[in-house]
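Colleague: Have a look at this one.
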Amino acid sequence: MPELPEVENVRRTMAPDLLGRTPSTVRVGLAKLVRPTPQALSAGIRGQSISQVDRHGKLLMLRMSGHGTWAIHLGMTGQVIIADRRPDAKHIHVTVGFDDGGPRLYYRDPRQFGFMAWCPDQAALDAGPLANMGPDALGIPLEVFLERVSGKGGKLKSVLLDQRVLAGVGNIYADESLHRAGLHPLVAPKDLSQAQLTALHHHLQETLAEALAKGGSSISNFVDAHGRPGTFQHAHRVYQRGGQACNECGCEIERIVVAGRSTHFCPHCQKEHF
DNA sequence: GAATACCTGAGC
DNA sequence: GCTCAGGTATTC
Numbered sequence: 174m175p176e177l178p179e180v181e182n183v184r185r186t187m188a189p190d191l192l193g194r195t196p197s198t199v200r201v202g203l204a205k206l207v208r209p210t211p212q213a214l215s216a217g218i219r220g221q222s223i224s225q226v227d228r229h230g231k232l233l234m235l236r237m238s239g240h241g242t243w244a245i246h247l248g249m250t251g252q253v254i255i256a257d258r259r260p261d262a263k264h265i266h267v268t269v270g271f272d273d274g275g276p277r278l279y280y281r282d283p284r285q286f287g288f289m290a291w292c293p294d295q296a297a298l299d300a301g302p303l304a305n306m307g308p309d310a311l312g313i314p315l316e317v318f319l320e321r322v323s324g325k326g327g328k329l330k331s332v333l334l335d336q337r338v339l340a341g342v343g344n345i346y347a348d349e350s351l352h353r354a355g356l357h358p359l360v361a362p363k364d365l366s367q368a369q370l371t372a373l374h375h376h377l378q379e380t381l382a383e384a385l386a387k388g389g390s391s392i393s394n395f396v397d398a399h400g401r402p403g404t405f406q407h408a409h410r411v412y413q414r415g416g417q418a419c420n421e422c423g424c425e426i427e428r429i430v431v432a433g434r435s436t437h438f439c440p441h442c443q444k445e446h447f
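Laid out in C-alpha cells, this is it:
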C-alpha cells in the first residue's frame, strides 16, 4: 500500500482500536520482518499500553506508555488489520494479542518489503526507521518545501520520491501532483521558477488531502485497518493511464521510466522546459 | 545517477 | 512464460 495518504488512513483507522490497550502476546511467523529481533519486540511492547499512534512519512509509530516505540513500515504490500479473528488470507506474518482479549493486530505482507521495529528510545528511532527522513510531506510549510527542493539538480520526480527531501510521497502522488502542477517529471528543480515550485507545493498538498479524504488509492491490495479499500484510484489523472487520453487536453499520456519507477505524464500539459 | 536485490502475485 | 507492481537499501 503505502504512500502517505494510505498510511495515514491506516493510522486513523487503527488508532481508536489500539489506544490504551496492552499487548500481551506476540507471534512472529517471519523473523526477518522484525527488527532487531522478534524477541526484542515482544519483550519491548508486552505489558505496557499504547499511548499514541503517530505517523511520519510512510512510517507508523506506536508509542508505548512506559518507554519506546513500536514502528511499522508497510513496504509495498503491507497491511495492518485489526480484527477479532485471523483474516482468511495468506502471508500473515505477525499477530499481536492484547490483555483484554479484544481484537488482535494482524500484520500481512505478501511481498515482505515492510518491517516492524522495536525502538527502546527516541535515539533508536532516529538512528533506525527515521534515519535520513525529511519533514513530513503533508502540511509541509511552503518555505520549508522551497528551501529543500529549489536549486536541486537531478530530476524533479526523483527529488519528490527522495524521502530525505520530504517524507511520504511515492510513485502515485509524485505523478499525480506533477500533472496537476503542469510540470515535467524530468525537469531539474534548479530550472524552475519560485512560482512553479510554489504551484507544485500547492498541488501536492491538494492531491494528498483529496486522496486522504477518499481513503487513499487501492491499486493492488491496499485496505485500511478495517479492511476497507480507498477510492482515490478513480480520480487518478495520469498514474497507470499510459496510452489513454489526458482528461485536460485529450493528448495521449506517456509512460517512461524515471529513477527505476514507471512514470506517467501528459506531454502537452507537462511540457515546462521541454 | 543507474542497476540490482529483496519477495509474491496479477495480468497478459 | 514474461512483465510489472504502492518501497527502500546497496552496489558500481
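Per the numbering used here, the first sequence runs over residues 174 to 447.
Note that CB positions come from ideal geometry on N, CA and C, so glycine has one too.
The structure displayed is predicted, hence computed values, not measured ones.
Mind checking who Q336 pairs with in its DSSP beta bridge?
Modeller: Q336 pairs with nothing; no bridge assigned.
Colleague: Using C-beta distances below 8 Å, list every residue in its chain close to L370, excluding the 5 sequence neighbours before and after it, in chain order.
Modeller: So the list reads F318, L319, V322, S323 and P362, once near-sequence residues are dropped.
Colleague: May I ask you to report which of helix, strand or coil DSSP gives F395?
Modeller: Here F395 sits in coil by DSSP.
Colleague: Measure the Cβ-Cβ separation of V199 and R219 and say whether it is below 8 Å.
Modeller: Cβ distance < 8 Å, so V199 and R219 count as in contact.
Colleague: Which runs of the alpha helix (DSSP H) at least 4 residues long sit entirely within the stretch 199-273? Give them in chain order.
Modeller: Within the stretch 199-273, the complete alpha helix (DSSP H) runs of at least 4 residues are 211-218.
Colleague: For V360, does the count of other Cβ atoms within 10 angstroms reach 16, so buried, or fall short, so exposed?
Modeller: Buried, because 16 or more other Cβ atoms sit within 10 Å of the Cβ of V360.
Colleague: Per DSSP, what kind of secondary structure is A304 in: helix, strand or coil?
Modeller: Coil at A304, not helix or strand.
Colleague: Between W243 and M237, what straight-line distance do the alpha-carbon atoms span, to the nearest angstrom?
Modeller: So the two alpha carbons sit approximately 7 Å from each other.
Colleague: Could you compute how far the alpha carbon of Q460 sits from the alpha carbon of V253?
Modeller: Outside the shown range of the chain (174 to 447) lies residue 460, about which nothing can therefore be said.
Colleague: Label P211 either buried or exposed according to how many other C-beta atoms from any shown protein chain fall within 10 Å of its C-beta, with 16 as the threshold for buried.
Modeller: The residue in question, P211, is buried, as its Cβ has 16 or more Cβ neighbours within 10 Å.
Colleague: V411 and D309 look like a contact to me (Cβ under 8 Å); what is the Cβ gap, rounded to whole Å?
Modeller: In fact, because the Cβ distance is near 24 Å, the residues do not count as touching under 8 Å.
Colleague: For K325, which option in P314, V338, E316 and L315 has the closest C-alpha, if you only look at C-alpha atoms?
Modeller: Among P314, V338, E316 and L315, the Cα nearest to that of K325 belongs to V338.
Colleague: Within the chosen definition, does the stretch 379-397 reach the stretch 434-446 through at least 3 CB pairs nearer than 8 Å?
Modeller: These segments do not touch.
Colleague: Just list the residues that DSSP pairs V360 with in beta bridges.
Modeller: None, per the DSSP bridge assignment.
Colleague: In chain order, what residues of the same chain have a beta carbon less than 8 Å from the beta carbon of P260, not counting five sequence neighbours either side?
Modeller: Around P260: I254, Y279, R281 and G400.
Colleague: Consult DSSP for S390 and reduce its assignment to one of helix, strand or coil.
Modeller: The answer is coil: DSSP assigns S390 none of H, G, I, E or B.
Colleague: Helix, strand or coil, according to DSSP, for A290 in the structure here?
Modeller: Strand, per DSSP.
Colleague: Pick helix, strand or coil for V180, following the three-state DSSP scheme.
Modeller: Of the three classes helix, strand and coil, the one that applies to V180 here is helix, per DSSP.
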